[in-house]
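This report concerns only the one structure given below.
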Amino acid sequence: MQIQDATDFSLKYTLESGQSFRWNRIDDAYYGVVEGRILKICQVGTTLRVESSAAEDRTTFIPFLQHYLDLRRDVPEILTEVNNDAYMHRTIEKLWGMRILNQELWETVASFILSQNNNVSRIRGIIHRLSERFGEQLTFGRYMDYSFPSPEALAITTEDELLACGVGYRASYLREAAEAVVSGELALTAMKEMAYPEAKRELMRRKGIGEKVADCICLFSLGHLAALPIDVWIKRIFETLYLRRRATYHEIREFAHAYFGDRVGYAQQYLFHYVHECPDWANAEHLSLIETSAPAAVEHRKSTAN
279 MQIQDATDFS LKYTLESGQS FRWNRIDDAY YGVVEGRILK ICQVGTTLRV
329 ESSAAEDRTT FIPFLQHYLD LRRDVPEILT EVNNDAYMHR TIEKLWGMRI
379 LNQELWETVA SFILSQNNNV SRIRGIIHRL SERFGEQLTF GRYMDYSFPS
429 PEALAITTED ELLACGVGYR ASYLREAAEA VVSGELALTA MKEMAYPEAK
479 RELMRRKGIG EKVADCICLF SLGHLAALPI DVWIKRIFET LYLRRRATYH
529 EIREFAHAYF GDRVGYAQQY LFHYVHECPD WANAEHLSLI ETSAPAAVEH
579 RKSTAN
């Protein structure tokens, strides 16, 4: 199948920006597991060529994929809104077309519980081992992978079984979240209808889901663009570029929402991926872009310096 006119979209930047842990690039195509099937996607200009390991009904599959890849959102309009300084402008130009995925909720909850104090390579390994042991085998030609384990499957695991997959101290958090979904205490369907603050509060009621993990789930699955996941990288970015001092998470959140507005989630994702793509992201030339074009940031620093 093909999706035509995928304008203002970069498959590479979208799938390689740390939002999802299930995609692998092989030659010019990306292979990934999405909701129980293997997908192969390649981009040629503004055309996406898509193959699936499952028998798909085009009338439902294309809209599903458009939603997953965020193709139906007016992202250029969002980027115009957050393009507040020369640094952000350079970031947007470099990564033009990156979009925020709308991922399946349970897998996102579980994946970002596992992401705590972890790097992308280790997270991918843990998820693969969990899927291999507790998911279902999937094949697409010679490519093989596994579906993500259902909450029912993980709710009946033992801690030793989870530890054998490399989950570490997160084992109890993962199993308790799965049990809560199975019992209905964590009602995922209802959460999809909640406003951002309500959904975030509901997630943070669970042991092992703090503010950063809750914001990741809200941004990468529930579509709440006001969500601002603050990890060590985002903290470093805002302290280095905008505040020019050590700052609390509350101070960073307050500044970021005031400066970028209700679409701050897109701004942070562009900044996050840019610093991973550009080793000299904090050199003098880059910092000068803020000084000469972001008076709001400069004034904020002055007002909070004393």
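Count the sequence shown with our numbering and you get residues 279 to 584, in order.
For each residue, glycine too, the CB sits at the ideal point set by N, CA and C.
How many whole angstroms separate the CB atoms of residue i and residue j, which I take to be in contact at a CB cut-off of 8 Å?
i: residue 311; j: residue 425; result: 6 Å
i: residue 454; j: residue 478; result: The pair is not a contact, with the Cβ atoms about 19 Å apart (cut-off 8 Å).
i: residue 533; j: residue 520; result: 6 Å
i: residue 443; j: residue 407; result: 4 Å
i: residue 452; j: residue 391; result: 6 Å
i: residue 301; j: residue 308; result: 5 Å
What are the boundary residues of the beta strand (DSSP E) that residue i is part of?
i: residue 434; result: Looking at the DSSP string, residue 434 is not in any beta strand (DSSP E), and its letter there is neither H nor E.
i: residue 318; result: 315-322
i: residue 421; result: 421-424
According to DSSP, is residue i part of a helix, a strand, or is it coil?
i: residue 500; result: coil
i: residue 566; result: helix
i: residue 304; result: strand
i: residue 281; result: strand
i: residue 325; result: strand
i: residue 312; result: strand
i: residue 442; result: coil
i: residue 478; result: helix
i: residue 513; result: helix
i: residue 299; result: coil
i: residue 366; result: helix
Grab the span of the alpha helix (DSSP H) containing residue i for me, first residue to last.
i: residue 508; result: Segment: none, residue 508 is in no alpha helix (DSSP H) and carries neither H nor E.
i: residue 460; result: 449-461
i: residue 374; result: Element bounds for residue 374: n/a, residue is neither H nor E.
i: residue 546; result: 542-555
i: residue 385; result: 383-392
i: residue 356; result: 353-360
i: residue 485; result: Here residue 485 belongs to no alpha helix (DSSP H), and DSSP marks it neither H nor E.
i: residue 520; result: Note, residue 520: premise wrong, no alpha helix (DSSP H); not H, not E.
i: residue 289; result: 289-293
i: residue 524; result: Residue 524 -> no alpha helix (DSSP H), and no H or E assigned at all.
Which residues does DSSP pair with residue i in a beta bridge?
i: residue 330; result: 317
i: residue 413; result: According to DSSP, residue 413 bridges with nothing at all.
i: residue 418; result: 421
Exercise. Is the number of C-beta pairs between the stretch 485-499 and the stretch 372-391 that are closer than 8 Å three or more?
Worked result: As far as the Cβ criterion goes, the stretch 485-499 touches the stretch 372-391, which means the pair count is three or higher.
Exercise. Counting pairs of beta carbons, one from the stretch 456-475 and one from the stretch 350-369, are three or more of them closer than 8 Å?
Worked result: No, the stretch 456-475 does not touch the stretch 350-369.
Exercise. Does the stretch 532-546 come within contact of the stretch 419-437, defined as at least 3 CB pairs closer than 8 Å?
Worked result: No, they do not touch.
Exercise. Three or more beta-carbon pairs under 8 Å between the stretch 403-414 and the stretch 524-531, yes or no?
Worked result: Touching, no, given that fewer than three Cβ pairs across the two stretches are closer than 8 Å.
Exercise. Is it true that the stretch 550-568 meets the stretch 369-376, where meeting means three or more beta-carbon pairs spaced less than 8 Å apart?
Worked result: Yes, since at least three Cβ pairs between the stretch 550-568 and the stretch 369-376 fall closer than 8 Å, the two stretches touch.
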